[in-house]
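Structure first, then comments.
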Amino acid sequence: MTELSKSGAAVGEPTPASPAPTSFLEVRDLKVHFPTDDGLVKSVDGLSFQLEKGKTLGIVGESGSGKSVTSLGIMGLHTAGQYGKRKAQISGEIWLDGTELLSADPDHVRKLRGREMAMIFQDPLSALHPYYTIGQQIVEAYRIHHDVDKKTAKRRAVEMLDRVGIPQPDKRVDSYPHEFSGGMRQRAMIAMSLVNNPELLIADEPTTALDVTVQAQILDLIRDLQKEFGSAVIVITHDLGVVAELADDILVMYGGRCVERGSAEEVFYEPRHPYTWGLLGSMPRLDRDQQERLIPVKGSPPSLINIPSGCAFNPRCPYADLPKDNVTRTVRPELSEVGSRHWAACHLGKEQRERIWTEEIAPKL
Amino acid sequence: MSDEAKAVTIPAQADGPTTQGAALTKDAAPGEVLLKVTGLQKHFPIKKGLLQRQVGAVHAVDGIDFEVRSGETLGVVGESGCGKSTMGRLITRLLEPTGGKVEFEGKDITHLGVSGMRPLRRDVQMIFQDPYSSLNPRHTIGTIVGAPFKLQGVEPEGGVKKEVQRLLSVVGLNPEHYNRYPHEFSGGQRQRIGIARALALNPKLVVADEPVSALDVSIQAQVVNLLDDLQQELGLTYVIIAHDLSVVRHVSDRIAVMYLGKIVELADRDLLYKSPMHPYTKALMSAVPIPDPRRKNAKSERILLKGDVPSPISPPSGCRFHTRCWKATQTCKTTEPVLVELRTGQQVACHHPENFEDQAPQDTVLLTVAKEAAELVADEVLAESAETSAALAAETASEPTETEAAEPTEATEAEAAEVAEPAEPATAEAAEPAEPAKTEAAESAEAVKAEPVKAEAAEVADAPGSEGGQESTDK
């Protein structure tokens with residue numbers, strides 16, 4: 032492992048002169064842009080965050096806010112494929128355990144992928160190959176990174192299937208994906224991604240395709256496995272309930288940028304961005320008394336080709352017209368600290384937002 | 097923007113939601129029965145071989161009974177494959193039922209042909225799940241929303257175009273978008289178009305199959321509110337099919353829970369969410385992730401169902417849920433429970449219902465434990481049992497018990513455990529402690545009357561044993 036890191040550092044030398052971070056995973060000013068006929072799609076436009084081992088980061092946002100693009104960016108899956116002549120334009124820095132991934136040698140990243148970082152995809156049916164048995168697919172993932180014979184690898188696959196709670200793993204290892212139910216496929220996917228004990232696990236909408244009872248099983252499984260393996264986990268979802276269940280820290284994305292980041296408690300109980308308020312208000316909740324009405328966010332998410340100038344949330348923000356202290360509306364708000372380990376990007380004054388939250392929003396939730 | 101125009105008509109948020117028992121009083125005069133379904137069945141044949149002989153059938157909907165009264169919203173929930181969408185398509189007669197009867201306004205429409213149904217299509221409309229595939233990409237919005245007029249030969253006042261534009265503004269779209277194509281709209285806007293189309297002929301019943309599940313959270317709330325407003329303005333009756341329990345709670349007056357082609361519980365909303373009686377309903381509700389990080393590690397509250405839903409091709413004998421139920425006994429394997437009214441407004445098909453007073457003896461013991469454990473993480477079973485016994489205790493009307501008992505009666509037991517923390521609903525809770533307990537007491541009293549019926553259905557009263565089993569499963 033140390034060898035890998037060293038070689039990675041050697042390749043990564045021509046990177047910007049910023050020092051290697053102390054966090055396990057650090058993303059700095061990540062930008063992922065896709066050139067299209069209609070213009071440049073700025074899917075991710077300047078995203079930064081850190082993640083420690085053993086912690087879970089929840090990334091929330093609507094469709095098109097850049098959640099999945101971020102995860103694929105970390106995995107290095109944008110550059111891996113060729114989009115004809117149009118490749119995704121990626122800039123910024125992604126530091127994983129002291130290695131900068133974007134400037135690293137693709138071969139080196141390939142060695143890390145699956146071993147150091149693994150991913151659970153949203154739709155297990157399309158992520159599993161229909162022609163190969165579950166066992167073959169897990170064995171392949173294991174043998175790429177470990178020099179073992181097929182028998183040992185298969186034993187390992189059975190062990191993993193057993194760990195993720197698939198009944199009769201020694202028989203099911205020879206089943207094809209179509210013979211599994213949705214929940215079992217997702218379990219098999221999790222087994223496959225964990226077979227190499229990755230240090231970073233990215234779960235992209237891991238339960239969206241599943242029923243609520245199965246979702247509960249999978250969430251429990253992810254939580255238990257994280258405790259057991261101590262990996263860092265990024266959970267990407269649009270479901271605030273899922274995030275609340277799993278995440279230590281939450282990052283709210285809107286229009287390709289982070290609008291609020293903080294510990295789960297801070298974001299749920301002391302949110303400081305109007306968009307987060309909107310998300311909380313538009314969600315019916317089972318744990319509260321029946322609300323008379325939901326408080327939706329008006330309008331719809333911005334087009335990523337033509338992101339509104341200034342704050343991307345500006346056209347939908349109910350507080351956009353409030354007077355602000357000496358700021359120009361056309362300037363993008365930067366993340367600023369609003370609490371301990373809690374940042375929000377909003378032009379409104381800190382006190383102003385505190386007042387709006389406690390007086391206007393919180394009582395209605 | 098169009099949405100701003102919409103916002104004007106939206107009434108102000110009512111503060112201090114007082115929903116205790118509201119479902120019973122809200123529609124004080126429930127309308128007459130609009131839709132009546134009895135023993136409805138749909139079996140899809142499975143054919144095999146050269147001769148296409150039928151080798152089996154998917155029992156998608158297998159004998160369900162319910163009524164929809166005019167002006168109300170019936171929510172239908174269940175896991176995928178439980179037959180809820182098939183049910184929606186049967187009552188709108190997009191599918192031909194295999195058996196049973198569908199009556200609309202007293203008229204039997206079960207086997208009406210295409211032409212027989214045509215006049216009724218005006219009164220029964222459907223909103224589809226996927227706003228991307230339910231709109232013809234080659235037609236303009238004007239054509240799509242105007243199609244019902246053309247098909248039914250209706251000439252609205254002022255012409256079709258004017259009427260379509262009015263409909264567009266009703267659902268919060270810009271009437272000037274009349275000539276645009278579906279691809280020019282976002283998901284939420286397309287769903288609004290689908291709603292406008294469904295409303296064109298002023299229907300009496302609207303069946304919405306997962307109307308918001310394809311939409312983002314913030315847009316979802318817009319559409320939910322829109323459906324709400326339209327119901328109030330136009331007096332619509334809804335059957336809303338969804339898998340999201342929190343959305344269903346928000347929109348429905350009554351809720352039917354389906355499992356493998358059967359209705360296992362049909363109850364008024366508040367009753368169902370406060371004290372579900374069918375174990376499946378309880379498990380389903382406990383599985384919903386709660387957006388509250390402080391309850392993150394409250395894993396013990398959750399009832400984890402083992403395995404997956406059995407195949408509807410050969411559903412289990414007896415109670416269909418017995419393969420996954422923690423209370424299942426021999427009776428459940430052999431006898432199919434019937435849907436009986438165990439409480440006013442709550443029909444359940446179960447041999448060993450939850451929150452029922454035949455569990456009283458051990459609940460009394462559990463109540464004391466629940467009190468002691470108040471600062472610890474409240475276990476769902478404890479709190480739920482405390483709830484039932486609280487109702488019993490309230491009947492004896494001893495003041496201190498009532499206040500103490502009232503807390504677990506609140507929908508969520510964790511809140512009770514967090515009394516010390518400054519939780520927002522704390523004030524609301526404190527303000528109305530006696531109210532829910534009373535309702536509960538009244539219900540229990542009702543339930544006593546229903547008891548003989550239940551005993552008959554259950555045949556064997558082995559509740560104590562099964563209750564112990566449940567506890568161990570939960571831990």
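Residue numbers (our numbering), protein chains in the order written: chain X, 32 to 396; chain S, 97 to 571.
For each residue, glycine too, the CB sits at the ideal point set by N, CA and C.
Treat the numbers as computed from the prediction; the structure is a model and nothing was measured.
By DSSP's criteria, residue i is part of a beta bridge. Which residues make up the other side?
i, result
"Gln316(S)", "Paired residues: none, contrary to the question."
"Phe90(S)", "What the structure shows of chain S is the stretch from 97 to 571, and residue 90(S) is not part of that stretch, so it cannot be assessed."
"Tyr285(X)", "Arg288(X)"
"Asp204(S)", "Glu199(S)"
"Lys73(X)", "His64(X)"
"Lys138(S)", "Val157(S)"
"Gln443(S)", "Leu362(S), Glu437(S)"
"Asp205(X)", "Answer by DSSP bridge pairing: none, since Asp205(X) is not bridged."
For residue i, which residues in the same chain have their Cβ closer than 7 Å to its Cβ, ignoring the five residues on either side in sequence?
i, result
"Gly97(X)", "Ser74, Val75, Met284, Gly287"
"Pro364(X)", "Cys342, Ala376, Cys377, His378"
"Lys138(S)", "Ala156, Val157, Thr182, Leu186, Leu191, Pro193, Thr194"
"Lys550(S)", "Legend: pLDDT at Lys550(S) = 44, less than 50; position of this residue unreliable, no value from coordinates given."
"Lys429(S)", "Ser413, Gly414, His418"
Who are the near neighbours of residue i in its chain, counting only those whose CB is closer than 6 Å to its CB and skipping five residues on each side?
i, result
"Glu199(S)", "Lys132"
"Asp325(S)", "none"
"Leu71(X)", "His64"
Just the chain S side, please: which residues come within less than 7 Å of residue i by C-beta, in chain order?
i, result
"Ser94(X)", "Asp312"
"Ala222(X)", "Chain S residues near Ala222(X): none, gap ~17 Å exceeds 7 Å."
"Gly309(X)", "Ser314"
"Phe55(X)", "What Phe55(X) touches in chain S: nothing, since even the nearest Cβ is about 21 Å away."
"Ala295(X)", "Pro389"
Mind checking if residue i is an interface residue toward chain X, Cβ cutoff 9 Å exclusive?
i, result
"Ser282(S)", "yes"
"Tyr369(S)", "yes"
"Asp324(S)", "yes"
"Gly242(S)", "no"
"Val353(S)", "no"
"Leu356(S)", "no"
"Gln386(S)", "For the record, residue 386(S) in the displayed sequence is Ile; it is not Gln. Judged by the 9 Å Cβ criterion, Ile386(S) is in contact with chain X."
"Ala522(S)", "Low local confidence applies: a pLDDT of 40 at Ala522(S) is under 50, so the model's placement there is unreliable, and no value is given."
"Asp305(S)", "no"
"Arg365(S)", "yes"
"Lys380(S)", "Sequence check: residue 380(S) is Leu here, not Lys. Closer than 9 Å: yes."
"Arg287(S)", "The sequence given here has Gln at residue 287(S), not Arg. So no, Gln287(S) is outside the interface."
Please list the partners that residue i has in chain X, where partner means a Cβ-to-Cβ separation under 9 Å.
i, result
"Asn451(S)", "The premise fails here: Asn451(S) is roughly 17 Å from chain X at the closest Cβ pair, so nothing lies under 9 Å."
"Gln225(S)", "Per Cβ cutoff of 9 Å: no residues; Gln225(S) is ~14 Å from chain X at best."
With a threshold of 9 Å between beta carbons, is residue i in contact with chain S?
i, result
"Ala376(X)", "no"
"Asp68(X)", "no"
"Ala111(X)", "The pLDDT assigned to Ala111(X) is 45, lower than 50, so where the model puts this residue is not dependable; a value taken from the coordinates is nonetheless given after this. It does not: the Cβ of Ala111(X) has no partner Cβ on chain S nearer than 9 Å."
"Met215(X)", "yes"
"Ser206(X)", "no"
"Pro198(X)", "yes"
"Ser212(X)", "yes"
"Phe299(X)", "yes"
Using the beta-carbon of each residue, which ones in chain X are nearer than 7 Å to residue i?
i, result
"Pro278(S)", "None at all; the shortest Cβ gap to chain X is about 15 Å."
"His374(S)", "Correct list: empty, because the minimum Cβ distance to chain X is about 14 Å."
"Gln318(S)", "Pro327"
Who are the neighbours of residue i on chain X, taking C-beta pairs under 8 Å?
i, result
"Leu170(S)", "By Cβ distance, chain X contributes nothing, its closest Cβ being about 17 Å from Leu170(S), past 8 Å."
"Ala383(S)", "Val243, Thr244, Gln246, Ala247"
"Leu341(S)", "Val243, Leu317"
"Asn321(S)", "Arg324, Leu325, Pro327"
"His346(S)", "Pro315, Gln321, Gln322, Leu325"
"Gln327(S)", "Near Gln327(S) there are no residues of chain X at all, since even the closest Cβ is about 13 Å away, more than 8 Å."
Could you pull out every residue in the same chain whose Cβ sits closer than 8 Å to the Cβ of residue i, ignoring the five residues on either side in sequence?
i, result
"Val241(S)", "Val260, Leu263, Leu264, Ile289, Ala292, Arg293, Ala296"
"Met373(S)", "Glu361, Ala363, Leu438, Arg439, Gln442, Val444, Cys446, Pro449, Glu450, Asn451, Phe452"
"Gly92(X)", "Lys98, His269, Val283, Met284, Tyr285"
"Ala153(S)", "His139, Phe140, Pro141, Ile142, Ile409"
"Gly85(X)", "Gln257, Gly261, Ser262, Ala263"
### Interface positions of the region 313-345 of chain X facing chain S (Cβ-Cβ less than 8 Å), listed along the chain
Answer set for the region 313-345 of chain X: Ser313, Met314, Pro315, Arg316, Leu317, Asp318, Arg319, Asp320, Gln321, Gln322, Glu323, Arg324, Leu325, Ile326, Pro327, Val328, Lys329, Gly330, Ser331, Pro332.
### Task
Pull out every residue of the region 255-274 of chain S whose Cβ sits closer than 7 Å to any Cβ of chain X, in chain order.
Of all residues in the region 255-274 of chain S, none has a Cβ within less than 7 Å of some Cβ in chain X.
### Task
Please name the residues in the region 259-292 of chain X whose beta-carbon is closer than 9 Å to at least one beta-carbon of chain S, in chain order.
Flagged, chain order: His269, Asp270, Leu271, Gly272, Val273, Val274, Ala275, Glu276, Leu277, Ala278, Asp279, Ile281.
### Query
Taking Cβ-Cβ distances below 9 Å as the criterion, which residues of the region 132-155 of chain S are in contact with chain X?
For the region 132-155 of chain S, no residue has a beta-carbon sitting nearer than 9 Å to a beta-carbon of chain X.
### Query
At a Cβ cut of 8 Å, what residues of the region 175-209 of chain S count as close to chain X, listed as they run along the chain?
The region 175-209 of chain S vs chain X, Cβ under 8 Å: Glu175, Ser176.
### Message
Short of 7 Å Cβ to Cβ, which residues in the region 402-433 of chain S face chain X?
### Response
Only those residues of the region 402-433 of chain S whose C-beta falls short of 7 Å from the nearest C-beta of chain X are listed: Asp404.
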